[in-house]
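**Q** Numbering (this note's numbering), first residue to last: 573 to 611. Where is the CB? At the ideal position from N, CA and C, for every residue including glycine. Starting off with a structure, shown below.
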């Protein structure tokens, strides 16, 4: 497993630009930072 430090903005870019991305495991983060991520 690869461990990366990313911002919520980075996750948004991944979701928009990686159409083949099926899943993403997120741990140790403040869930309030991800409000609007899945929209």
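Does the distance from the CB of residue 586 to the CB of residue 593 come in under 8 Å?
**A** Translated into the one-based positions of the chain shown, residue 586 becomes position 14. Translated into the one-based positions of the chain shown, residue 593 becomes position 21. In this structure, residue 593 lies closer than 8 Å to residue 586 by Cβ.
**Q** When the Cα atoms are used, what is the spatial distance from residue 596 to residue 580?
**A** The residue you call residue 596 lines up with position 24 of the chain shown. The residue you call residue 580 lines up with position 8 of the chain shown. Distance between the alpha carbons of residue 596 and residue 580 is about 13 Å.
**Q** To the nearest angstrom, how far is it from the Cα of residue 576 to the Cα of residue 599?
**A** For the purposes of this step, residue 576 is taken as residue 4 along the chain shown, with counting starting at 1. For the purposes of this step, residue 599 is taken as residue 27 along the chain shown, with counting starting at 1. Looking at the two C-alpha atoms, the distance is approximately 11 Å.
**Q** According to DSSP, simplified to helix, strand and coil, what is residue 586?
**A** For the purposes of this step, residue 586 is identified with residue 14 of the chain shown, where counting begins at 1. Helix.
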